[in-house]
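Written out below as structure tokens is the structure these notes cover.
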Amino acid sequence: MFDHQDVFSALNGKLPLPEKIDFIHGLLKDRFEFIDRVAVAIYEPKTDLLKTFVHSSGGDNPLSFYSARLADSASLQEILKTGRPRVVNDMEVFNRAPAEHSRRIATQKYGSSYTMPMLLNGEFFGFLFFNSYRKYAFNDGVLNYLDMVGHLLSLLVIHEISTARNLLATVKTATNMVLHRDFETGMHLDRMANYARLIAKEVAKKHQLNDDLIEHIFQFSPLHDVGKIGIPDSILLKPAKLTEAEFDMMKTHTVKGGEIIGLMLENLGLDDLHHAGILRNIALYHHEAIDGSGYGGLTDAQIPIEAKIVAVADVFDALTSKRIYKKVWSNDEAIEFLQSTVGSKFDRDCVAALISCRDEIEAIQAKFKDE
Numbered sequence: 018m019f020d021h022q023d024v025f026s027a028l029n030g031k032l033p034l035p036e037k038i039d040f041i042h043g044l045l046k047d048r049f050e051f052i053d054r055v056a057v058a059i060y061e062p063k064t065d066l067l068k069t070f071v072h073s074s075g076g077d078n079p080l081s082f083y084s085a086r087l088a089d090s091a092s093l094q095e096i097l098k099t100g101r102p103r104v105v106n107d108m109e110v111f112n113r114a115p116a117e118h119s120r121r122i123a124t125q126k127y128g129s130s131y132t133m134p135m136l137l138n139g140e141f142f143g144f145l146f147f148n149s150y151r152k153y154a155f156n157d158g159v160l161n162y163l164d165m166v167g168h169l170l171s172l173l174v175i176h177e178i179s180t181a182r183n184l185l186a187t188v189k190t191a192t193n194m195v196l197h198r199d200f201e202t203g204m205h206l207d208r209m210a211n212y213a214r215l216i217a218k219e220v221a222k223k224h225q226l227n228d229d230l231i232e233h234i235f236q237f238s239p240l241h242d243v244g245k246i247g248i249p250d251s252i253l254l255k256p257a258k259l260t261e262a263e264f265d266m267m268k269t270h271t272v273k274g275g276e277i278i279g280l281m282l283e284n285l286g287l288d289d290l291h292h293a294g295i296l297r298n299i300a301l302y303h304h305e306a307i308d309g310s311g312y313g314g315l316t317d318a319q320i321p322i323e324a325k326i327v328a329v330a331d332v333f334d335a336l337t338s339k340r341i342y343k344k345v346w347s348n349d350e351a352i353e354f355l356q357s358t359v360g361s362k363f364d365r366d367c368v369a370a371l372i373s374c375r376d377e378i379e380a381i382q383a384k385f386k387d388e
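In terms of our numbering, the sequence shown is residues 18 to 388.
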């Protein structure tokens, strides 16, 4: 009665999404050894960005840390317009394509590709790519099987993204309560999340971050100040300098944030949420300082890289935004301040990363202006 082995049974466990992608790719190669790459790009509607997310392609990964506007890719837009996947059995057609991602794929010398859109109830989440170094690899028999596996992969990815989104929606509801109390919210959260993503991409190689980790830093960074829900209005909204006792109370928002996130994860049944540690670290340690003078007294090596990234993104946006107690600083003034505190307050790599993205910073500021 129990002789049959379910080949997909490993997916029932708590494997992280990248390992599930690798596992399914392995099963695919058992049947079709010529399928050399499986990759996922997810879509961020606020910025119209397609972003590399997870992949299974061994050492060959031509699109790490890559993002591009969907509006700039006519061929991918055509997939959405037709509502059908795309088969390209001779990738040489993209050799002279203007888009950078097409050039990178062409340089990798893939012979053919199959691209599926990922949708749930009509909502577009991104694209799933299958690539082979062999030309004309995708005949009807192969495609029929890939359709089934592709939808399974899409559901896994969408579940991962939706889980994070549901958590963010819950926290956003709580944060919106703070919005009516705390003048530091509004577009601040969108800007600093995008700054955090810029920084994470720039420091990725040194700190061994992959696209999956970068995306989670981007998604979780807006939750850094959720603990402010537990701070009294008399302190949170005070237009003057806080007393020592008041500042001590304000500093507790990091610990409160960690507690609130822990409760939300538990109550939503998300204790095993992929990269939940990143979420907690951002809330708990974004006010730590390299020299140990931060809220919790951690020093350089003790501070998680995600917290260092969010610290720079958060302070830069606070300085360049209007506050009841300060004027708006120019980007140059804010950068000069960050540079003056490198090695004491802020991480050198993270500050240098932000500075190197001046054009992208200005684009983010233009898109997410305060009302």
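No residue lacks a Cβ here, since even glycine has one placed at the ideal position from N, Cα and C.
For residue 251, the enclosing alpha helix (DSSP H) stretches over residues 250-253. Note on geometry: alpha-carbon atoms of residue 211 and residue 232 lie some 10 Å from one another. Taking residue 85 as reference, the option from 98, 67, 93 with the minimal CA-CA separation is 67. When DSSP reads this structure, residue 60 sits in a beta bridge with 67. In terms of Cα proximity to residue 209, the closest of 39, 183, 381 is 381. Approximately 6 Å separates the beta-carbon atoms of residue 132 and residue 102; this is inside 8 Å, confirming the contact. Taking one beta carbon from each stretch, the region 215-230 and the region 319-327 have 3 or more pairs nearer than 8 Å; the two touch.
Contact check for residue 247 against residue 273 passes: the beta carbons are separated by less than 7 Å.
The closest CA to that of residue 43, considering only 339, 316, 147, is found on 147. Within the region 252-319, the complete alpha helix (DSSP H) runs of at least 4 residues fall at 261-268, 270-284, 293-302. For the pair residue 308 and residue 251, the CB atoms are not nearer than the 7 Å cut-off.
Scanning its chain for C-beta atoms nearer than 7 Å, with the 5 sequence neighbours on each side dropped, one finds around residue 60 the residues 67, 87, 141, 142, 143, in chain order.
With a cutoff of 7 Å on beta-carbon distance, residue 128 and residue 151 are scored as near each other.
Judged by beta-carbon spacing, residue 159 lies beyond the 7 Å limit of residue 25, meaning their Cβ atoms are not closer than that value. Assignment of residue 379 by DSSP, reduced to helix, strand and coil, places it in the helix class.
Per DSSP, the unbroken alpha helix (DSSP H) holding residue 350 starts and ends at 348-357. In the structure shown, residue 108 falls within a helical segment according to DSSP collapsed to helix, strand and coil. Going by DSSP, residue 43 is part of no beta strand (DSSP E) but of the alpha helix (DSSP H) stretching over 34-48. Counting along the chain, residue 99 sits inside the alpha helix (DSSP H) bounded by residues 91-99.
Closest option to residue 108, judged by alpha-carbon separation, among 71, 164, 153: 153.
With contacts defined as CB atoms closer than 7 Å, residue 110 and residue 130 fail to qualify as a contacting pair.
Residue 72 is bridged by DSSP to 56.
Judged by pairs of C-beta atoms under 8 Å, the region 271-286 does not touch the region 366-382, as fewer than three such pairs exist. Here residue 343 is bridged, per DSSP, to 340.
When DSSP states are grouped into helix, strand and coil, residue 88 belongs to the helix group.
Check the Cα spacing between residue 329 and each of 351, 177, 314, 53: the tightest is with 351. Per DSSP, residue 226 lies in no beta strand (DSSP E) segment and is marked neither H nor E. The beta-carbon distance between residue 334 and residue 205, rounded to whole angstroms, is 6 Å. This is short enough to meet the 8 Å contact definition. In this structure, 291 is the residue among 260, 291, 126, 124 with its C-alpha nearest to the C-alpha of residue 182. In the DSSP assignment, residue 137 falls within the unbroken beta strand (DSSP E) covering 129-137. Boundaries for residue 28: no beta strand (DSSP E) harbours it, and the DSSP string shows neither H nor E there.
In the DSSP annotation of this structure, the continuous segment of the alpha helix (DSSP H) that includes residue 371 starts and ends at 365-372. The secondary-structure analysis by DSSP pairs residue 149 across a beta bridge with 129.
Nearest to residue 137 by C-alpha distance, out of 173, 157, 347, is 173. Linking residue 155 to residue 58 through their CA atoms gives a straight-line distance of about 21 Å. Under the DSSP definition of a beta bridge, residue 141 partners with 136.
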